[in-house]
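Everything on this sheet refers to the single structure shown next.
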Amino acid sequence: MPIKNMAEYAANGEMPEVLFWVGCAGSFDQRAQRITRAFTQILDKVGVKFAILGKEEMCTGDPARRSGNEFLFQMMAYNNINTLNAYGIKKVVTICPHCFNIFKNEYPKLGGTYEVMHHTTFLQQLINDGKVVLKDGGAFKGKKITYHDSCYLGRGNGIYEAPREVLQAFDTELVEMKRCRSNGMCCGAGGAQMFKEEEAGTTRVNFNRAEQALETGATIIAANCPFCTTMLMDGVKNKEKEDSVQVLDIAEMVAMSI
Amino acid sequence: MQIAQQILFIALAIAAVYFFVKKVKEMRRNILLGRDEDISDNKNQRWKNMVLLALGQKKMFKKPIPALLHLVVYAGFIIINVEILEISIDGVTGAHRIFAPMLGGLYAFLIGFFEVLAALVLLGVVVFFIRRNILKVGRLNMAELNGWPRNDANIILIVEVVLMSLFLIMNTADLSLQQLGAEHYTKTDSFWISGNLTGMFSGMSVGTLIGIERTSWWLHIIGVFLFLNYLPYSKHLHILLAFPNAYYSKLVPQGEAKNMKEIQNEVLYMMEPDKAPPAPTGDAPAPPRFGAKDVMDLSWKNLLDAYSCTECGRCTDACPANMTGKKLSPRKIMMDTRDRMEEVGKNINANKEYVDDGKSLLHGYITTEELRACTTCQACVEACPVMIDPLDIIMQLRRNLIMEESSAPGEWNMMFGNIENNMAPWKFSPDDRDAWVNG
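From first to last, the protein sequence lines are chains Z and P. For the first sequence, position 62 (counting from the first letter as 1) is numbered 62 according to my numbering, and the numbering increases by one without interruption. For the second sequence, position 43 (counting from the first letter as 1) is numbered 301 according to my numbering, and the numbering increases by one without interruption.
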């Protein structure tokens, strides 16, 4: 499947329907790359004309801003917005809720206003429009699934239902954790924690959250964020359940079922 | 004798209001120590928030049992205070139950209704006391509450029990006096609750009963005056400040961090020097501090938040860092902010203006370890029934740590370096950003 970047589109004087903002995790992290590929497979299969920025994409600056380095955030924002505006980008879809939050809430104040969608909302629309049809009720027939709300999609932006609607399209049982939706618990990666050792405590946030997910008895833990996916996988491994319980991004689940 | 009582009442009322207003002005001054922040938009939405969140206590209902008890205590306490109007008029004019003859049967109904509320308040407060001190509900028994905060909570509960009991005793003695036909005690219909309690005063003389009735009346109103002046020193201040705090609360999505315009401009002028304004000549004012080191660097809304906090601990209860044993507690962030603000206020009272005391909110009250434990998950913001935003304070203190003190864990410094040089937080070559395409 050929994936074109914006420079190639622009060279042919073409515009894609949507720019797929991959994000740093989706670009470089081996686990997250599988989410990226899964999502592009779906876009390709459905025939959505999309582009990536390729080498021109840069970190949105989220971990810099959340850790307190506003200067570095503003530099990244300046460069990204310049690139996007130069191409005349109108619509962006991303697989990372942190990038999504930055695009939706923080770049507009800096001169970067785009219609932005998180990939779970994008997938929900494709399913609702009948463009994505899950074969045979999906690849997880009869399995129990639990869904982990990421902070920046859920509490941060109030998106609780779209990912659940996608999961309901599967022929499976969706069970909620005690802490879900607006009471959902963080995976431990946000606020730039992903990039440092946790402060001293009695346990790790991701261990605690993964235990909550395992308590539901689900064999699939569905996530919407590459960082949550990594954190929860580590948490599942800590309980030595990695052979019986899978942590999957919703895009991977859909890609496995079409 | 009667006139002496009237003079005493007026003197007490004036003193109570005077000292309260004085303290309110002081609190206002303290709040305005904070940075200016324009929060004048969307007035309709703000009024709506105030009605739903402060008056309607909408967010409390995430925990239905305490919410219901709290609503009863709150509604009871507020509605019963209507009775203060009559007490005040009686106190000033020397009348006794001045509304009784005017309202006729309705009067006994109203007082009866207040009595039912008083009984419900008593019940609610007793349950609260049990939850806090016997059942030891987790969030109400954390170490940060040791000392004054714990005493403060119990003082509030005890004062409410005393005030409500005095109200019921006063009415019971009054009804007993009416039954004995005592002079000055206007005949009313029986009251719903105290009407059933007169048995406990049977056989007492008119003189004794007047003693009980007057003592209760005086202790009740003195209690109310004292409680009013206790509020500014207590977590109970939330009964007033929940309203403005809900009004001024954040309306944008919780995930949105505040922009720093000054740094945005700095980057712009660096990248496009032609857009920079001419360098100021002469003595330029000192640039503002980046982020917040002390309460004066926070916004006035952060400081209003601190005064509005009733230390219920819903934020800390929901905090993933706190749940996993880290030092961070969003409630402590708010309590520290208030304590430091009060300290600065006292400093100003003593010295006419703030004289540097060598202390600050950052380090003096809140440690880097607490700040570095935050995942910015906004669970604390979501949990607060009165729309306090501890995360906004945490973010500003973090900005100060990084941009003024260059204080970051080594891994974060590496992450910053990677973002700057490789455009990603990890040490990968930017040329490999699209390598996944071929993978």
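Built from N, CA and C at the ideal position, the CB exists for glycine as well.
Open item on the list: Closest to Lys516 (chain P) by C-alpha separation, out of Z:Ser27, Z:Lys49, Z:Asn101, Z:Leu43, would be which residue?
Closed with: Z:Asn101
TODO: Please list the residues of the segment 167-200 of chain Z that have a C-beta atom closer than 9 Å to any C-beta atom in chain P, keeping them in chain order.
DONE: Arg179, Ser182, Asn183, Gly184, Met185, Cys186, Cys187, Gly188, Ala189, Gly190, Gly191, Ala192, Gln193, Met194, Phe195, Lys196, Glu197, Glu198, Glu199, Ala200
Task: Touch test, the segment 276-292 of chain P against the segment 361-368 of chain P, Cβ-Cβ under 8 Å, three pairs minimum - done: no
- [ ] Spatial neighbours of Ser150 (chain Z) within its chain, please: CB distance less than 6 Å, with the 5 preceding and 5 following residues excluded, ordered by chain position.
- [x] Pro97, Asn224, Cys225, Cys228
Task: Residues within the segment 19-39 of chain Z neighbouring chain P, beta-carbon criterion of under 7 Å - done: Cys24, Ser27, Phe28, Gln33, Thr36, Arg37
TODO: Report yes or no: do the segment 592-599 of chain P and the segment 656-664 of chain P share at least 3 C-beta pairs separated by less than 8 Å?
DONE: no
Task: Contained alpha helix (DSSP H) runs [length at least 4] in the segment 59-96 of chain Z, N- to C-terminal order - done: 62-67, 70-87
- [ ] Within its chain, find whatever has a CB closer than 6 Å to the CB of Leu561 (chain P); leave out the 5 residues flanking it on each side and keep chain order.
- [x] Ile289, Gly292, Met599
TODO: Return the chain-ordered ranges of every alpha helix (DSSP H) run that is complete within the segment 183-238 of chain Z and spans a minimum of 4 residues.
DONE: 205-215, 226-238
TODO: Name the residue from Z:Pro63, Z:Ile81, Z:Phe122 whose alpha carbon lies nearest to the alpha carbon of Ala189 (chain Z).
DONE: Z:Pro63
Open item on the list: Assuming the contact rule is C-beta atoms closer than 8 Å, Cys567 (chain P) and His496 (chain P) should be a hit. Round their C-beta distance to whole Å, please.
Closed with: 7 Å
Task: Alpha-carbon spacing of Glu17 (chain Z) relative to Ile35 (chain Z), whole angstroms - done: 21 Å
TODO: Compare the C-alpha of Thr625 (chain P) against each of P:Asp647, P:Ala534, P:Thr595 and name the closest.
DONE: P:Thr595
TODO: Leaving aside the five residues before and after Pro688 (chain P) along the sequence, list all residues of the same chain whose C-beta is less than 8 Å from its C-beta, in chain order.
DONE: Asn680, Met681, Ala682
Open item on the list: Cutting at 6 Å between CB atoms, please list the residues of its own chain near Lys104 (chain Z), excluding the five before and the five after it.
Closed with: Val116
- [ ] Determine, using beta carbons only, whether Leu72 (chain Z) and Gly61 (chain Z) come nearer to each other than 8 Å.
- [x] yes
- [ ] Hey, could you find the ends of the beta strand (DSSP E) Thr146 (chain Z) is sitting in?
- [x] 144-147
Task: Coarse secondary structure for Asn339 (chain P), derived from DSSP in three states - done: coil
- [ ] Return yes when the Cβ of Leu403 (chain P) is within less than 8 Å of the Cβ of Met645 (chain P), no when it is not.
- [x] no
TODO: Using 7 Å as the cut-off, classify the Cβ of Gly370 (chain P) as near or not near the heavy atoms of the ligand SAM, replying yes or no.
DONE: Among the components of this structure there are no ligands whatsoever, and the ligand SAM is therefore not found.
Task: C-beta contact flag for Gly156 (chain Z) and Gly540 (chain P) at 8 Å - done: no
Open item on the list: Helix, strand or coil, according to DSSP, for Asn399 (chain P) in the structure here?
Closed with: coil
- [ ] Please confirm if Ala631 (chain P) has its CB atom under 8 Å from at least one CB of chain Z.
- [x] yes
Task: chain P contact for Thr83 (chain Z) (CB, 8 Å cutoff) - done: no
TODO: Below 8 Å CB to CB, which residues in the same chain sit around Leu232 (chain Z) once its five sequence neighbours on both sides are set aside?
DONE: His148, Cys187, Asn206, Arg209, Ala210, Ala213, Ile221, Ala223, Val247
Open item on the list: I need the straight-line Cα distance from Met218 (chain Z) to Lys178 (chain Z), nearest angstrom please.
Closed with: The identity of residue 218 (chain Z) in the sequence shown is Ala, whereas the question assumes Met. Cα-Cα distance, rounded: 13 Å.
Task: Member of P:Phe674, P:Ile521, P:Asn429, P:Val639 whose CA lies at the smallest distance from the CA of Ile451 (chain P) - done: P:Asn429
Task: Which listed residue (P:Glu520, P:Lys559, P:Glu569) has its alpha carbon closest to that of Pro545 (chain P) - done: P:Glu520
TODO: Specify whether the segment 298-311 of chain P and the segment 624-640 of chain P touch according to this definition: at least 3 beta carbon pairs, one from each stretch, less than 8 Å apart.
DONE: no
Open item on the list: In this structure, how does DSSP classify Asn118 (chain Z) when only helix, strand and coil are distinguished?
Closed with: Correcting the residue identity first, residue 118 (chain Z) is His in this sequence and not Asn. His118 (chain Z) falls in the strand class under three-state DSSP.
Open item on the list: Contact defined as beta carbons within less than 8 Å: I believe Ser474 (chain P) pairs with Ile427 (chain P). What is the distance between those atoms, to the nearest angstrom?
Closed with: 5 Å
- [ ] Figure out for me which residue from P:Ser664, P:Asp552, P:Pro667, P:Gly571 has the closest Cα to the Cα of Asp615 (chain P).
- [x] P:Asp552
Task: Nonlocal neighbours in the same chain, by C-beta distance under 7 Å from Leu126 (chain Z), ignoring five residues either side - done: Val46, Val132
Task: Which listed residue (P:Pro648, P:Glu640, P:Arg547, P:Ala542) has its alpha carbon closest to that of Arg589 (chain P) - done: P:Pro648
Task: Through-space distance from Ala38 (chain Z) to Met253 (chain Z), alpha-carbon basis - done: 8 Å
- [ ] With 8 Å as the threshold, decide whether the Cβ of Glu402 (chain P) is near any Cβ in chain Z.
- [x] no
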